[in-house]
Each structure stands twice: as C-alpha cells, then as structure tokens.
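Q: One structure, as structure tokens, below. Some questions next.
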C-alpha cells in the first residue's frame with residue numbers, strides 16, 4: 419500500500435517522474451503492499467480565519483463515473499459550512515475542495531481519486547506537480563499530485579495501482595483549528611471494488627493544512643468477517659536495502675544504498691526497504707522539502723526520464739510505501755501518516 423508522496427516540481431535538467439516528488443497514498447495487495455506518493459515539482463512543492471470551527475455532515479457519495487452530476491460544488495458547500503474549506507468546480511467540472519490556512523497556504527483536493535493536486539506554501543509557490551496531459555474526466559486517474567495506490571501498488575491481479583484513484587471519495591467531516599483547516603474523506607467497498615477485490619473495508623483520509631506544512635493520514639479498516647492481506651536529490655537512504663526495478667521490473671536487483679545523496683541522472687525506479695522516518699528532498703529550485711512518515715517503513719524513488727520526455731525534467735517522485743504484507747483481522751485497522759514541510 420502506498421500513498422504517493424507528492425510529485426514535486428524541480429528545476430534541473432533531470433527530473434524524477436511526474437513530480438519533483440510525487441507523494442503516493444494507496445494500498446497494495448499481496449506482496450505488493452501500498453503507498454502514498456508525492457509528485458513534486460523538481461523545484462516545486464489564502465488567508466483563512468482565526469476562529470476554531472468544526473462540522474460533521476452526512477456523507478455525500480457519487481457512483482463511479484457519475485461524479486460530474488452527482489456531486490456539485492454548491493451541494494458540498496451547503497453541507498460543509500466550515501471556515502477555510504470551500505468546494506469549487508475544478509478541471510473537467512470535477513468537484514474539488516480548496517483549503518486555505520490563516521498563514522496563506524492553500525491545498526486543492528479532488529474528490530475523484532481523493533487526489534491532492536496542489537499544495538501552495540505561504541509564499542505562494544506550488545510544490546506539487548500534475549502532468550500537463552493529465553485527464554480530468556472522472557474516468558481515468560489524475561496523473562500527479564498525491565494520489566492513492568490501493569489496495570495494490572503497481573501491477574498485480576487487478577488494474578495498475580488498484581481502484582482507489584479511480585473512485586469518488588466522500589466528504590465526512592471538516593474542521594478549522596486556529597486557522598488551520600482539515601477535512602476527512604472516506605472510501606467504502608461496493609460492487610465495483612468487489613468485482614476486483616472481494617473484501618469489505620473502510621478507508622478514511624484526513625488532510626490537515628498549516629502555514630508551511632501539509633499532513634495526511636490514511637486509515638484502513640477491515641470491516642469484513644475474514645482476514646485480508648494487503649501489500650503496500652534525496653538524502654537519508656544510505657544503508658537501506660534496495661530493489662532496483664531497472665532495467666527489469668519483474669526481476670529487481672537487490673543491493674545496498676551506499677550514497678549519502680541520491681540523485682536522478684536518468685530513469686529511476688527503486689524501492690528502499692526499511693527507510694528512515696524522514697527524508698530530505700532538494701528540488702533544485704532552492705527548496706528543501708522534508709518528507710516525514712509514521713508506519714510506512716519503506717520508500718520508492720521514481721522518475722520516468724525519456725519515457726515521458728515532455729515533462730520528466732519537471733518533477734521527481736518520493737513515495738512512502740508499505741511493501742510487505744499487512745494482514746488485518748476483522749475489525750482491525752492500519753494507519754499510515756505523512757508530513758510534508760518546506761524550507
């Protein structure tokens with residue numbers, strides 16, 4: 419399972435994948451695990467109110483591929499009523515939430531895929547990367563930002579990266595604490611998910627925005643009566659065991675990372691097992707982005723290089739991941755947290 423770390427914008431002529439760092443969130447099945455990944459601009463990572471407020475409201479849910487008509491910004495705003503949280507019509511008329519902190523930072527979250535597409539710091543700089551050819555049609559996953567890979571990370575018995583990024587998430591609550599807005603989204607099993615993965619589950623995704631810090635928390639609960647198995651330049655990876663998926667992704671090369679600083683000279687697709695809780699990304703644009711996590715355990719670095727010649731120089735992917743199997747007994751939950759900050 420993985421939560422895509424973010425696609426981070428970058429400035430150098432080498433750029434790791436669709437993000438300077440692409441944060442991933444998602445789950446992976448079997449041996450795949452799941453992840454949260456961030457697409458960050460290779461050099462890229464409004465005022466709110468001072469009062470505290472919170473509100474929990476009925477779930478607003480849309481059936482897959484009917485997001486354009488089932489969920490509207492007006493309908494969401496009638497239910498939300500929370501300072502610093504507003505629903506708007508985004509690309510392709512898809513509903514999105516816009517969070518604005520009292521410190522001037524801003525984040526955009528599309529309900530389709532539960533995908534964070536933009537994170538602007540208090541300086542107004544957007545640190546997340548979305549592919550120029552990304553499709554916003556409620557059918558294909560949004561390419562970039564912070565998507566979810568669940569319940570499968572990468573290829574496997576179901577579609578690439580699972581189904582969570584192809585579905586519309588519901589808004590279940592919002593709050594504002596001292597000018598810092600937060601929202602909680604959820605995704606439940608239905609006939610569509612059971613056609614690929616025959617388990618009952620509840621996934622909740624909490625997003626909290628502060629002046630220069632973006633926090634995400636993904637909690638997955640097994641609501642079934644049977645156990646399920648899910649399998650889910652950067653500094654701080656020296657000494658980690660690596661699984662290099664280049665040139666053959668089906669037969670990764672095992673090794674140990676000996677470099678203090680890992681860069682992206684070409685195509686990169688590498689898993690780091692037992693990664694530290696904190697990694698530092700220098701995006702080449704003068705920003706240092708801290709990617710901290712709790713309970714993810716592994717990391718993935720990715721950049722497509724000339725496989726995506728139009729934009730590979732603009733981002734790198736730094737992903738928090740849980741590569742090993744996670745077995746959830748009935749009623750048990752798994753929680754992974756991620757904290758992004760820029761300096």
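Numbering (this note's numbering), first residue to last: 419 to 761.
Backbone N, C-alpha and C define an ideal beta-carbon position, used for all residues, glycine too.
In angstroms with no decimal places, state the Cα-to-Cα distance between residue 675 and residue 697.
A: Each residue's Cα considered, the two are about 14 angstroms apart.
Q: Excluding the 5 residues preceding and the 5 following residue 749 in the sequence, name in chain order all residues of the same chain whose CB lies nearer than 8 angstroms to its CB.
A: Counting only Cβ-Cβ distances below 8 angstroms, and skipping sequence neighbours, we find 639, 640 and 641.
Q: Please work out which residues of its chain come closer than 7 angstroms, Cβ to Cβ, to residue 759, disregarding the five sequence neighbours upstream and downstream, and give them in chain order.
A: For residue 759, where only same-chain residues beyond five positions count, the Cβ hits under 7 angstroms are 630, 631 and 708.
Q: Under a three-way DSSP split, which group does residue 758 fall into?
A: Three-state DSSP puts residue 758 in a strand.
Q: For residue 579, which residues of its own chain have a beta-carbon under 7 angstroms away from its beta-carbon, when the five flanking residues on both sides are left out?
A: Excluding sequence neighbours, residue 579 sits near 444, 567, 570, 571 and 572.
Q: Counting Cβ pairs, one atom from each stretch, are 3 or more of them under 8 angstroms apart for the region 714-731 and the region 582-601?
A: No, they do not touch.
Q: Should residue 611 go down as buried or exposed, given a rule of 16 or more other Cβ atoms within 10 Å for buried?
A: Buried, because 16 or more other Cβ atoms sit within 10 Å of the Cβ of residue 611.
Q: Inspect the beta-carbon positions of residue 752 and residue 713 and report whether they are closer than 9 angstroms.
A: Yes, these two residues count as a Cβ contact at 9 angstroms.
Q: Starting from the Cα of residue 727, find the closest Cα among 526, 550 and 601 and give me that residue.
A: Minimum Cα distance to residue 727 is reached at 550.
Q: Going by Cα to Cα distance, which pick from 736, 601 and 582 is closest to residue 497?
A: The candidate whose alpha carbon is nearest that of residue 497 is 601.
Q: Distance check for residue 582 and residue 703, CA to CA, integer angstroms please.
A: Going by the C-alpha atoms only, they are around 32 angstroms apart.
Q: Could you give the DSSP three-state label for residue 635: helix, strand or coil?
A: Of the three classes helix, strand and coil, the one that applies to residue 635 here is strand, per DSSP.
Q: Taking the Cβ atom as the reference point for each residue, do residue 599 and residue 517 lie within a distance shorter than 9 angstroms?
A: Cβ distance < 9 angstroms, so residue 599 and residue 517 count as in contact.
Q: Work out the CA separation of residue 555 and residue 746 for me, nearest whole Å.
A: Cα-Cα distance, rounded: 34 angstroms.
Q: Please confirm if the region 650-664 is in contact with the region 674-690, defined as three or more CB-CB distances below 8 angstroms between the two stretches.
A: Cβ pair count under 8 angstroms is three or more, so yes.
Q: Check for me: the beta strand (DSSP E) holding residue 660 runs from which residue to which?
A: Residues 659-662.
Q: Relative to the C-alpha of residue 743, which residue among 716, 655, 523 and 534 is closest?
A: The residue with the shortest Cα to Cα distance from residue 743 is 716.
Q: Write down the C-beta distance between residue 605 and residue 508 rounded to the nearest angstrom, noting that I regard them as a contact closer than 8 angstroms.
A: So it is not a contact: roughly 19 angstroms between Cβ atoms.
Q: Are residue 502 and residue 597 close, meaning C-beta to C-beta below 9 angstroms?
A: Yes, Cβ-Cβ distance for residue 502 and residue 597 is below 9 angstroms.
Q: Are residue 542 and residue 552 close, meaning C-beta to C-beta below 9 angstroms?
A: Their beta carbons are not under 9 angstroms apart, which means residue 542 does not touch residue 552 by this criterion.
Q: Which class does residue 564 belong to by DSSP, given the choice of helix, strand or coil?
A: Of the three classes helix, strand and coil, the one that applies to residue 564 here is strand, per DSSP.
Q: What residue range is occupied by the uninterrupted alpha helix (DSSP H) comprising residue 527?
A: It is not in any alpha helix (DSSP H) - residue 527 instead sits in the beta strand (DSSP E) that spans 524-528.
Q: Considering residue 498, what are the terminal residues of the alpha helix (DSSP H) in which it resides?
A: Element bounds for residue 498: 491-498.
Q: What residue does the alpha helix (DSSP H) around residue 610 start on, and which one ends it?
A: It spans 609-612 - the alpha helix (DSSP H) in which residue 610 sits, taken as one unbroken run.
Q: Within a Cβ cutoff of 7 angstroms, which residues of the same chain sit near residue 609, ignoring the five residues on either side of it in sequence?
A: Closer than 7 angstroms at Cβ, skipping near neighbours: no residue.
Q: Residue range of the beta strand (DSSP E) that residue 743 falls in?
A: Segment 743-746, the beta strand (DSSP E) holding residue 743.
Q: What's the gap between the Cα of residue 664 and the Cα of residue 489?
A: Residue 664 and residue 489: Cα-Cα distance of roughly 41 angstroms.
Q: From the DSSP output, read off the bridge partner residues of residue 679.
A: Residue 679 is bridged to 653.
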